[in-house]
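Written below as C-alpha cells is the structure these notes are about.
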Amino acid sequence: MKNTLAAAVSVCLLASAQTALSYEPGDWILRAGVVTVAPNSSSDDIALPTGLVAEARVDDDTQLSIIPAYMVDANWGVELLAATPFEHNIEARGKGAIAGVSLDAGSTKHLPPTFMVQWYPRGDVDGWQPYVGFGLNYTLFFDEDVDGELVDLLGDLTGGAVDGADLDLDPSWGLAAQVGVDIPVADQWSINLGVWYIDIDTEAKITATSAGAEVTTVKFDVDIDPWVYNIGVAYRF
Ligand code: NI
C-alpha cells in the first residue's frame, strides 16, 4: 500500500515535471468538474405564531461546474464560476422553549455566478500552478417551496387559520475570495482543486395563507455564506 502510494506520487511528480504548465497571456482555461456548496448558514430569529421562535439552516448540495478563465497577462486572469442549479433543503430549528425541535421548512434552487479576478504567481518551479482570486457573486434564488411540515405546524399553531405558505428569497450580491491549484497531468490538461468563500445574504419572506389569501408575513435575514469546493479537470487552449 505504502509502495503503491509512493509509486503513484512519483508518477504524478514525473508527469508534473514533464508537462509544466505555462499559462500565457491570451490563454483560455476551461475548468469543469463537481462543485459543492456547503452553507455556513445562520439566520435571524423567525417569529412563529404563539411566541415560539426558530432559526433557518440550509444544507449542502453538489452540482456540475463549468468554469471558464482567461489570462489577461502572465500573472492575471479572470474567471467565471458557473454550474447547474443548486437545490438546498431549508430546515427550521426551534429555539428557547422548542430548542432541539426541527422540521423541514422548505427548499430553494439557486444559481450563484461568481466573477473572479485572479493572480497566478509565476516562478522557476515547473509544475503546480496555484492561484488566488477576489471577486463578486450574484445569487439568484428560484423555485422556492414551503414544505408540508411547516404548513402543518403553522396550521396547528393557529388553530387551522393557516392552510398554506409561500417562500420568497431575495437575490444576493456579495464578495467572494478563492484559492485554487492546477496540477498538470498531460499536455494542456490539469487536475483542478478550487475553494471559494462567498458572502451570500438574503432576506427570506414566508407568507402564511388561508385559502390562498394572505394571513400574515414573516421576514428574516439568512446568511448562507458558503464554502464552495470544486474538484475537476482544467483544459488550456
Ligand atoms: Ni454574510
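Taking our numbering, the leading residue of the sequence shown gets 5, the next gets one more, and so forth. For glycine and all other residues, C-beta sits at the position ideal for the given N, C-alpha and C. It should be emphasised that the depicted structure is a prediction, and the values quoted were computed from it without experimental measurement.
Checking the 8 Å criterion, the Cβ of Asp-48 is out of range of every heavy atom belonging to the ligand NI. For Gly-98, the beta-bridge partners assigned by DSSP are Ala-58. With fewer than 16 neighbouring CB atoms inside 10 Å of its own CB, Pro-29 falls in the exposed class. With a threshold of 8 Å, the Cβ atom of Gly-178 counts as near the ligand NI, since some heavy atom of the ligand is closer than that.
At least 9 Å separates the beta-carbon of Gln-182 from that of Tyr-239. Gln-67 and Asp-156 have their C-alpha atoms some 31 Å from each other.
Exclusion of the five residues before and after Ser-47 leaves Glu-59, Ala-60, Arg-61, Ala-208, Phe-224, Asp-225, Val-226 and Asp-227 as the residues of its chain whose Cβ lies within less than 8 Å of its Cβ.
In the DSSP assignment, Val-155 falls outside any beta strand (DSSP E) and within the unbroken alpha helix (DSSP H) covering 152–161. Pro-230 counts as buried, since no fewer than 16 other beta carbons sit within 10 angstroms of its beta carbon. The alpha-carbon of Ala-87 is positioned some 9 Å away from that of Ala-36. Not one heavy atom of the ligand NI falls within 8 Å of the beta-carbon of Asp-174.
Remark: C-beta atoms of Asp-167 and Gly-159 approach each other more closely than 9 Å.
With a beta-carbon spacing of about 33 Å, Asn-141 and Gly-100 fall beyond the 8 Å limit used to define contacts. Under the DSSP assignment, Phe-119 falls in the beta strand (DSSP E) whose first and last residues are 118–123. In the same chain as Ser-214, and ignoring 5 residues on each side of it, the C-beta atoms closer than 8 Å to its own belong to Ala-165, Val-166, Asp-167 and Gly-168, in chain order. For the pair Ile-202 and Thr-118, the Cα-to-Cα distance works out to about 9 Å.
When C-alpha distances from Val-76 are compared across Ala-42, Asp-64, Leu-56 and Gln-122, the shortest belongs to Gln-122.
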